[in-house]
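Shown next, in structure tokens, is the structure this report addresses.
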Amino acid sequence: MTVKIQQLSQWKQQGRPIVVLTAWDYAFAQILDQAGADILLVGDSLAMVALGYETTLPITLEEMLHHAKAVRRGVKQALIVVDLPFLSYQESWQQAIQSAGRVLKETGAQAVKLEGGYPAMADTVTHLVQVGIPVMGHVGLTPQSVHQLGYRQQGKSIEAKERILAEAIALEQAGAFTIVLEHIPADLAQQITQKLTIPTIGIGAGPHCDGQVLVTADLLGLSSWQPPFAKTYANLRESITQAVQGFASEVRSQEFPPKP
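In terms of the working numbering, the sequence shown opens at residue 11 and continues consecutively.
Set out below in structure tokens:
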């Protein structure tokens with residue numbers, strides 16, 4: 011059964027944790043979908059893990075559309091959410107509607123994600139929801155603001171905690187169906203999760219969120235570097251290296267292909 015947006019709030023009420031992973035191509039999307047992920051996020055993190063950029067900032071809307079189409083072709087069950095990349099939605103709510111509308115029309119994804127909960131961004135979410143575009147919010151550490159915030163944990167001071175809580179509440183009031191809480195203290199994430207009626211998805215935000223998300227490349231051990239809050243469940247980087255070295259060795263020794 012395909013995951014629907016309406017189910018997520020029900021799962022929060024039932025205490026059923028939500029599983030979210032990132033995807034950037036057909037092959038991984040198919041595997042993650044069949045393995046039981048509830049939501050697949052075509053995150054702008056693919057700028058780093060798939061395209062080799064140092065940050066998420068360079069990736070374009072066209073590139074996000076290209077990858078989201080590939081992911082959609084591999085998915086039968088999971089809800090697909092696509093990040094709006096930097097400067098494809100911050101200029102105005104009209105720009106955001108144009109970009110988000112293209113995502114839904116051209117890729118078949120069901121929702122978009124954007125970063126920030128400050129007043130102008132909450133207003134943008136209101137306009138998106140009003141025209142029928144589901145929105146996942148994102149507060150705390152927002153990677154598109156890397157040059158301003160770095161990759162440090164956010165929400166340490168009382169003032170910062172109050173600001174992040176207020177942004178989360180504003181996003182819910184604007185109509186977001188769920189919110190990612192990234193790299194904030196666990197007690198703040200718990201407070202936000204208890205305050206909101208919509209689900210929270212944590213990444214480096216402790217155990218009290220309604221769901222958890224990881225960058226799939228980190229989970230599988232494909233990344234050359236990963237944040238301290240990620241957990242590696244496999245070491246595919248090492249496995250792939252060994253497989254390629256084995257193939258190269260057999261080709262050079264003429265063991266492969268086997269002689270008839």
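Heads up, the beta-carbon is just placed ideally off N, CA and C, and yes, glycines get one too. Values in this document were obtained by computation on a predicted structure and should not be read as measured data.
Own chain residues within Cβ distance below 6 Å of residue i, not counting five before or after
i	result
L124	L94 and Y99
G53	T32 and D93
A47	V29, L31 and A88
Y243	L229
E260	F266
Contact under 9 Å by Cβ, residue i with residue j
i	j	result
I41	I28	no
I15	L89	yes
L284	L51	Nothing in the structure corresponds to residue 284, since the chain is present only between 11 and 270.
A80	Y36	yes
L224	K241	yes
V85	A121	no
P238	G216	no
G111	S155	no
A57	E72	no
Counted within 10 angstroms of its Cβ, other Cβ atoms place residue i as buried (16 or more) or exposed
i	result
T203	buried
H157	exposed
S109	buried
K22	buried
P153	buried
D220	buried
S55	buried
W34	buried
A186	buried
A199	buried
G147	buried
I168	exposed
D197	exposed
Q222	buried
Beta-carbon proximity list for residue i, same chain, < 8 Å, skipping 5 on both sides
i	result
Q105	S98 and Y99
R82	A39, I90, T117, G118 and A119
I107	H137, L138, V141 and I143
A132	E177, A180, L181, Q183 and A184
H77	W34, D35, V52, L56 and A60
H257	The amino acid occupying residue 257 in the given sequence is Phe; His does not appear at that position. For F257, where only same-chain residues beyond five positions count, the Cβ hits under 8 Å are F266.
Q24	none
T207	S19, K22 and E182
Whole-Å CB distance - residue i paired with residue j, under 8 Å assumed
i	j	result
P209	T188	5 Å
G160	L191	In fact, because the Cβ distance is near 18 Å, the residues do not count as touching under 8 Å.
L75	F96	Actually they do not touch by this definition, with Cβ atoms about 15 Å apart.
Own chain partners of residue i with C-beta closer than 7 Å, once the 5 adjacent residues on each side are dropped
i	result
Q164	G150, L151, A170, I174, H193 and I194
W103	D133, T134 and H137
L246	L230, G231 and L232
D43	L50, G84, V85, K86, Q87 and A88
Do the segment 247 to 255 and the segment 60 to 68 touch if we need at least three Cβ pairs shorter than 8 Å? no
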